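A quick write-up on the structure given underneath.
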Amino acid sequence: MSRPDDTRAPAYDATPFLPRDGGLDAYRRAAANCRGCPLYENATQTVFGRGEPSARVVLVGEQPGDQEDRQGEPFVGPAGRLLDKALADAEIDRGSAYLTNAVKHFKFTVAERGKRRIHKAPTLREVAACRPWLCAELDLVRPEVVVALGATAAKALLGGSFRVTKDRGSLLPMPGTDEERYIVATVHPSAILRADDREAAYAGLVSDLRVAARALDGS
Ligand code: SF4
3 MSRPDDTRAP AYDATPFLPR DGGLDAYRRA AANCRGCPLY ENATQTVFGR GEPSARVVLV
63 GEQPGDQEDR QGEPFVGPAG RLLDKALADA EIDRGSAYLT NAVKHFKFTV AERGKRRIHK
123 APTLREVAAC RPWLCAELDL VRPEVVVALG ATAAKALLGG SFRVTKDRGS LLPMPGTDEE
183 RYIVATVHPS AILRADDREA AYAGLVSDLR VAARALDGS
């Protein structure tokens with residue numbers, strides 16, 4: 003006879019895979035072997051954050067896409083190229099930023115015909131499982147401003163009730179810190195690529211990024 007506990011879903015959690023100490027490189031090496039949730043099973047590799055280790059601004063997306071999964075770097079696909087342009091238009095130097103994702107493995111389904119891998123949104127459990135890596139990155143980089151790109155990143159950082167559609171573009175205090183550190187939520191650049199009115203959607207993204215740029219300028 004099965005016990006009630008047998009019906010419980012297995013716990014997903016990256017915590018046992020985190021190193022006890024070390025810098026970003028140590029965390030990146032450890033994340034390569036994370037088995038904190040099932041997403042590692044079908045993905046090519048862990049896509050850890052990249053960029054300036056003491057960046058003043060960190061940009062957080064949802065999860066790696068197809069190109070990121072193959073290349074092992076965040077924001078190198080079509081959405082990443084659009085983000086590059088938006089950052090330049092908002093006068094944020096991508097070269098001095100740090101870019102990462104809320105979830106470090108690519109989640110996808112395979113199209114019925116062909117081999118095309120189609121993005122599938124991570125569940126709340128998978129986002130929660132991967133959150134220790136994101137928290138570790140933010141603790142190590144200690145940015146002044148974090149930009150949450152899309153609902154998944156915003157919820158990972160600001161809680162499940164946060165609504166990007168309602169509160170995007172506002173400079174909010176970073177939860178869990180006494181220091182003057184801020185977070186700005188906006189849409190994910192992939193949403194611009196899917197928008198009916200791309201021009202307006204792009205202008206909205208740049209406008210939100212300018213809020214982060216002004217915070218970095220102290221104005
Ligand atoms: S998605 Fe995150 S928690 Fe899940 S296996 Fe990958 S690194 Fe670990």
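Residue 3 is where the sequence shown starts when you use the numbering used here, and the numbers rise one by one after that.
Note that beta-carbon positions come from the ideal geometry of N, C-alpha and C, so glycine has one too.
Please read all numbers here as calculations on a predicted model, not as lab measurements.
Asked	Found
First through last residue of the alpha helix (DSSP H) which encompasses G206	R200 to D219
Heavy atom of the ligand SF4 within 6 Å of K106 beta-carbon	yes
Range of the contiguous alpha helix (DSSP H) that encloses V166	V166 to D169
Any non-hydrogen atom of the ligand SF4 closer than 6 Å to C39 Cβ	yes
D68 vs R115 beta-carbon contact at 7 Å	no
Cβ-Cβ separation, A88 to V208 (assumed contact under 8 Å), whole Å	5 Å
beta-carbon Y184 near the ligand SF4 non-hydrogen atom, thresh 6 Å	no
Of the listed residues R183, S172 and A130, nearest to Y2 (C-alpha basis)	The displayed coordinates of the chain run from 3 to 221. Any statement about residue 2 would go beyond what the structure contains.
Runs of alpha helix (DSSP H) lying entirely within the stretch 34 to 94, each at least 4 residues, in chain order	68 to 73 and 80 to 91
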